[in-house]
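Chains as they are written, first to last, in our numbering: chain A, 53 to 470; chain B, 53 to 470.
Heads up, the thing below is written out as structure tokens.
2 protein chains.
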Amino acid sequence: MEPGKKLTIGLFGFGVVGKGLYDVLHNTATLQSTIKKICIKNTDKKRSIGQEHFTSEASELLNDEDINVIVELIDDAAAAFEIVKTALQKGKAVVSANKKMIAEHFEELLALQKKYQTPFLYEASCCASMPLIRNLEEYYDNDLLQSFRGIINGSTNFILTKIFQEQLEFNAALLMAQQMGFAESNPKLDIGGFDAANKLSILLAHSFGVIAGIEKFIFNGIENISLQDAEVAKEKKFSIKLVANAQKLKNGKLAAFVLPQFVTTNDDLYHVQNEFNAITTESSFADKHFFKGKGAGAFPTASAVLSDISALRYNYKYEYKKIYDQTETALTNNFYLKVFISVDDLAKIKKEDFEWIEEWHNGLQYSWMIAIIHAEKLVTGNWWKEKGVSLIVYPDGIEEGIDYKKISKRSLELAGVV
Amino acid sequence: MEPGKKLTIGLFGFGVVGKGLYDVLHNTATLQSTIKKICIKNTDKKRSIGQEHFTSEASELLNDEDINVIVELIDDAAAAFEIVKTALQKGKAVVSANKKMIAEHFEELLALQKKYQTPFLYEASCCASMPLIRNLEEYYDNDLLQSFRGIINGSTNFILTKIFQEQLEFNAALLMAQQMGFAESNPKLDIGGFDAANKLSILLAHSFGVIAGIEKFIFNGIENISLQDAEVAKEKKFSIKLVANAQKLKNGKLAAFVLPQFVTTNDDLYHVQNEFNAITTESSFADKHFFKGKGAGAFPTASAVLSDISALRYNYKYEYKKIYDQTETALTNNFYLKVFISVDDLAKIKKEDFEWIEEWHNGLQYSWMIAIIHAEKLVTGNWWKEKGVSLIVYPDGIEEGIDYKKISKRSLELAGVV
Numbered sequence: 053m054e055p056g057k058k059l060t061i062g063l064f065g066f067g068v069v070g071k072g073l074y075d076v077l078h079n080t081a082t083l084q085s086t087i088k089k090i091c092i093k094n095t096d097k098k099r100s101i102g103q104e105h106f107t108s109e110a111s112e113l114l115n116d117e118d119i120n121v122i123v124e125l126i127d128d129a130a131a132a133f134e135i136v137k138t139a140l141q142k143g144k145a146v147v148s149a150n151k152k153m154i155a156e157h158f159e160e161l162l163a164l165q166k167k168y169q170t171p172f173l174y175e176a177s178c179c180a181s182m183p184l185i186r187n188l189e190e191y192y193d194n195d196l197l198q199s200f201r202g203i204i205n206g207s208t209n210f211i212l213t214k215i216f217q218e219q220l221e222f223n224a225a226l227l228m229a230q231q232m233g234f235a236e237s238n239p240k241l242d243i244g245g246f247d248a249a250n251k252l253s254i255l256l257a258h259s260f261g262v263i264a265g266i267e268k269f270i271f272n273g274i275e276n277i278s279l280q281d282a283e284v285a286k287e288k289k290f291s292i293k294l295v296a297n298a299q300k301l302k303n304g305k306l307a308a309f310v311l312p313q314f315v316t317t318n319d320d321l322y323h324v325q326n327e328f329n330a331i332t333t334e335s336s337f338a339d340k341h342f343f344k345g346k347g348a349g350a351f352p353t354a355s356a357v358l359s360d361i362s363a364l365r366y367n368y369k370y371e372y373k374k375i376y377d378q379t380e381t382a383l384t385n386n387f388y389l390k391v392f393i394s395v396d397d398l399a400k401i402k403k404e405d406f407e408w409i410e411e412w413h414n415g416l417q418y419s420w421m422i423a424i425i426h427a428e429k430l431v432t433g434n435w436w437k438e439k440g441v442s443l444i445v446y447p448d449g450i451e452e453g454i455d456y457k458k459i460s461k462r463s464l465e466l467a468g469v470v
Numbered sequence: 053m054e055p056g057k058k059l060t061i062g063l064f065g066f067g068v069v070g071k072g073l074y075d076v077l078h079n080t081a082t083l084q085s086t087i088k089k090i091c092i093k094n095t096d097k098k099r100s101i102g103q104e105h106f107t108s109e110a111s112e113l114l115n116d117e118d119i120n121v122i123v124e125l126i127d128d129a130a131a132a133f134e135i136v137k138t139a140l141q142k143g144k145a146v147v148s149a150n151k152k153m154i155a156e157h158f159e160e161l162l163a164l165q166k167k168y169q170t171p172f173l174y175e176a177s178c179c180a181s182m183p184l185i186r187n188l189e190e191y192y193d194n195d196l197l198q199s200f201r202g203i204i205n206g207s208t209n210f211i212l213t214k215i216f217q218e219q220l221e222f223n224a225a226l227l228m229a230q231q232m233g234f235a236e237s238n239p240k241l242d243i244g245g246f247d248a249a250n251k252l253s254i255l256l257a258h259s260f261g262v263i264a265g266i267e268k269f270i271f272n273g274i275e276n277i278s279l280q281d282a283e284v285a286k287e288k289k290f291s292i293k294l295v296a297n298a299q300k301l302k303n304g305k306l307a308a309f310v311l312p313q314f315v316t317t318n319d320d321l322y323h324v325q326n327e328f329n330a331i332t333t334e335s336s337f338a339d340k341h342f343f344k345g346k347g348a349g350a351f352p353t354a355s356a357v358l359s360d361i362s363a364l365r366y367n368y369k370y371e372y373k374k375i376y377d378q379t380e381t382a383l384t385n386n387f388y389l390k391v392f393i394s395v396d397d398l399a400k401i402k403k404e405d406f407e408w409i410e411e412w413h414n415g416l417q418y419s420w421m422i423a424i425i426h427a428e429k430l431v432t433g434n435w436w437k438e439k440g441v442s443l444i445v446y447p448d449g450i451e452e453g454i455d456y457k458k459i460s461k462r463s464l465e466l467a468g469v470v
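What follows is the structure, given as structure tokens:
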């Protein structure tokens, strides 16, 4: 119960998050932390604080023995990794918000932490202000976690909300998200699902001890979600959300993916609007938890960085208990998904990929079906990601109970698709 | 990153929570923890496990040097305190779920932890399965927390849900809560607001560093909430919830109370039904967070106890940062509340206590008004807790902006009440 230690920080990047962080740290005496030097690309740019705070030389921060914490808030994932790596090697604690860098280098970063015994915290990398990693790491740590589902990208949720509430077309909604500062500098990262996939990759490690890059699971974004899809969803009293899923199957293996999903009004995720993020967890004893917060924006991101800095004062580090202590959980694509699929041209559907068709609606420019597909088919084929095709998971879309392989393809014949 | 240490547990109490805990601990090898002995009142009672596990002698557990963790799950707060005190003195870590005991002895327990440097964890004491204390303690620890509001008693929320959804009278709903196992053994603790007040007392310490027993703030339960109150609420598109509030006022002081409150449909708390609990926090950078989970029941409570046991394996203890490190926040009753008040008899209202009356409806057996009252008036008077009187805080009921003292009592005259 001693007061926390004093931190001397070297900061990389001085965008909106970095600036906000600077202000708060220097206006909150109890945090006992100061930013000694800030490394930026362009030292000529006019800044809100004196020139003497800045340098363009990374080594000036990394070699400064006074500096015991590096806070990395730059955009470039490759450069960020080099900074983090060097800092950890030099025994400096590191705080980062760079999900892409962390997801891509998870194993190396784990090895570095183990070797140099230096803390590396990155709460801001997943859903900004919400303490997700910390809770998954510390609280749901007893083999009892069954699943989590969540809206973990603020920008796409903002866009989907606008499509739904204001009947905006996709591109108009995207522009609005960019103007509000909710989108990554490269919007493809958000709308293509890459950002959510990077976060899922990180969350899988802290929730189930699974180390898996984004190439290891199915993911997609929301680029092909149309106003017509939203209309169908509304008729069925659903909303459409981009949902990250991780669910333990009955065989103990883990199904994980990021896909657009229909959510019902009694699903907590239904009420999560605009840039808000949310996650539901289900565990054997604790039952369902639901957690909602701001998942994008400069201030919410800075708040998570701040919280990591504060935790370092008390020598907190991730124990990675589930990776080191618990029995390994394996990812699998051996499960079925119930999906809604819409197309502008019937020829785009690879009919032979389906196990079962429940509903089928033909239109001149817009046709849709509700059907069962094996997840492996989504891995091997890419037709469902093409322009003009929407694939949206149905509520409770993971199907384990029925072995559709054993059912004849009679339903497909009846529907006239094979 | 070493595997957690092995724990040998002495358990006090073997009710539903204790039994569930026993099963999980002995079926989850990775937890590395065993219950060595269980202390119960009545050793003659038939149990689901062998007689050799039990004793009625507390000292048999407390003097056993093998036992390094005491888990206290008994009902009697006074006896529980003696057990916890002795265990901490003997250097044993303690896990407890006893909110009454903790709220009543907070300062002594703090001193014991400081003196003997032994961890004392009690996540299960506030909202069962939800990691509230841990999050308030670890995450919102940077002077930036503005407020929290929450439904922190599952039993009363269950009762209110039944009154609302099934038009049950209060007593029928209470009986149902008892049958479902959601009520404390003494229902007065729940419905009189004592349980929620004990939890608020604990949460105030971990959120704002305020040590305050329940006699230090205003609280009430839901005993007087009638079907007619529910009807008025429905007409106004409100629901009624028993809400614990803690809000920093503009002068830096803290307003805290537990009272029934009208909540609007766009309030996250509106959608919290049955035995679920939920809390919203608001902080300067992170903005609004909302967290919902099961706040009552044997399994959700056992899950929190389990999580504390798991945390002890990694030597976790509360740092009480806000008590020791941060500037003190003082409680105040110097604020106004906008309230709905209903009575079966107009004579029960102490009219001169009000500053302002906005609405007034007279009926033969049921009258109600919406009015402004200074919080201090609720401390000094008790008329508003009497049978036949409901006092329900209005949405956004804390009024800081207007100094009603300076406004003439003209409004009261107009309403014909003074």
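We put the beta carbon where it would ideally sit given N, CA and C, even for glycine.
{"Query": "Residues that B:Val76 contacts on chain A, provided the C-beta gap is smaller than 9 Å", "Result": "Asn194, Leu196, Ser336 and Phe337"}
{"Query": "Buried or exposed by the 16-neighbour rule on C-beta atoms within 10 Å, applied to A:Asp247", "Result": "buried"}
{"Query": "8 Å Cβ cutoff met for B:Ser85 and B:Leu59", "Result": "yes"}
{"Query": "Min CB distance B:Tyr174 to chain A below 8 Å", "Result": "no"}
{"Query": "Within chain B, partners of A:Pro352 - CB distance below 8 Å", "Result": "Phe337, Ala338 and Asp339"}
{"Query": "Whole-angstrom distance between A:Ser362 and A:His341, CA atom to CA atom", "Result": "26 Å"}
{"Query": "B:Asp96 to B:Ala110 span [Cα, whole Å]", "Result": "16 Å"}
{"Query": "CB-CB length for A:Phe337 against A:Leu196, believed under 8 Å", "Result": "6 Å"}
{"Query": "Touching by the beta-carbon criterion (3+ pairs, under 8 Å), the stretch 277-284 of chain A and the stretch 322-333 of chain A", "Result": "no"}
{"Query": "Test item: CB-CB of A:Gly206 and A:Val295 under 8 Å", "Result": "no"}
{"Query": "Reference B:Ile444; option with closest CA among B:Ala282, B:Glu380, B:Lys402 and B:Tyr368", "Result": "B:Ala282"}
{"Query": "Residues that A:Met232 contacts on chain B, provided the C-beta gap is smaller than 9 Å", "Result": "Those within 9 Å of A:Met232 in chain B number zero; the least Cβ separation is about 14 Å."}
{"Query": "Contacts that B:Thr381 makes with chain D (C-beta to C-beta distance below 7 Å)", "Result": "Protein chains in the displayed structure are A and B, and chain D is not among them."}
{"Query": "As assigned by DSSP and simplified to three states, the class of A:Gly72", "Result": "helix"}
{"Query": "Range of the contiguous alpha helix (DSSP H) that encloses A:Ile361", "Result": "Ala350 to Leu364"}
{"Query": "Beta-carbon proximity of A:Leu73 to A:Leu430, cut-off 8 Å", "Result": "no"}
{"Query": "Strand pairing of A:Cys91, partner residues [DSSP]", "Result": "A:Phe64 and A:Thr107"}
{"Query": "Under the three-state DSSP convention, the category B:Thr333 falls into", "Result": "strand"}
{"Query": "Beta-ladder partner(s) of B:Val123, from DSSP", "Result": "B:Leu63 and B:Val147"}
{"Query": "Cβ of B:Ser291 within 8 Å of any chain A Cβ", "Result": "no"}
{"Query": "Backbone secondary structure at B:Asn297 - three-state DSSP", "Result": "strand"}
{"Query": "Between the CA atoms of B:Ala224 and B:Phe216 - distance to the nearest angstrom", "Result": "12 Å"}
{"Query": "Contact list for the stretch 314-330 of chain A against chain B, Cβ threshold 9 Å", "Result": "Asp320, His323, Phe328 and Ala330"}
{"Query": "Spatial neighbours of B:Cys91 in its chain, beta-carbon cut-off 6 Å, leaving aside the 5 residues before and after", "Result": "Phe64, Thr107, Ala110 and Leu113"}
{"Query": "Range of the contiguous alpha helix (DSSP H) that encloses B:Arg186", "Result": "Leu184 to Glu190"}
{"Query": "Selection of the stretch 77-92 of chain A by Cβ proximity to chain B, strictly under 7 Å", "Result": "Thr80, Thr82 and Leu83"}
{"Query": "Contact set between B:Lys346 and chain A, taken where Cβ atoms lie within less than 9 Å", "Result": "Ala338, Asp339, Lys340 and His341"}
{"Query": "A:Leu164 at chain B interface by Cβ criterion, 8 Å", "Result": "no"}
{"Query": "CB contact below 8 Å: B:Gln378 versus chain A", "Result": "yes"}
{"Query": "For B:Lys346, three-class secondary structure by DSSP", "Result": "strand"}
{"Query": "Own chain, CB closer than 7 Å to B:Ser237, minus 5 neighbours either side, in chain order", "Result": "Asp127"}
{"Query": "Inter-residue Cα distance where the pair is B:Met53 and A:Lys305", "Result": "Unreliable positioning characterises B:Met53 in this predicted model, as indicated by a pLDDT of 42, which lies under 50. The coordinate reading is nonetheless provided below. One C-alpha to the other measures close to 25 Å."}
{"Query": "Three-state secondary structure (DSSP) of B:Tyr376", "Result": "helix"}
{"Query": "Proximity test, Cβ basis, 8 Å: B:Tyr168 and chain A", "Result": "no"}
{"Query": "Boundaries (first-last residue) of the alpha helix (DSSP H) holding B:Ile254", "Result": "Phe246 to Phe260"}
{"Query": "Residue burial classification, A:Gly62 (beta-carbon count within 10 angstroms, cutoff 16)", "Result": "buried"}
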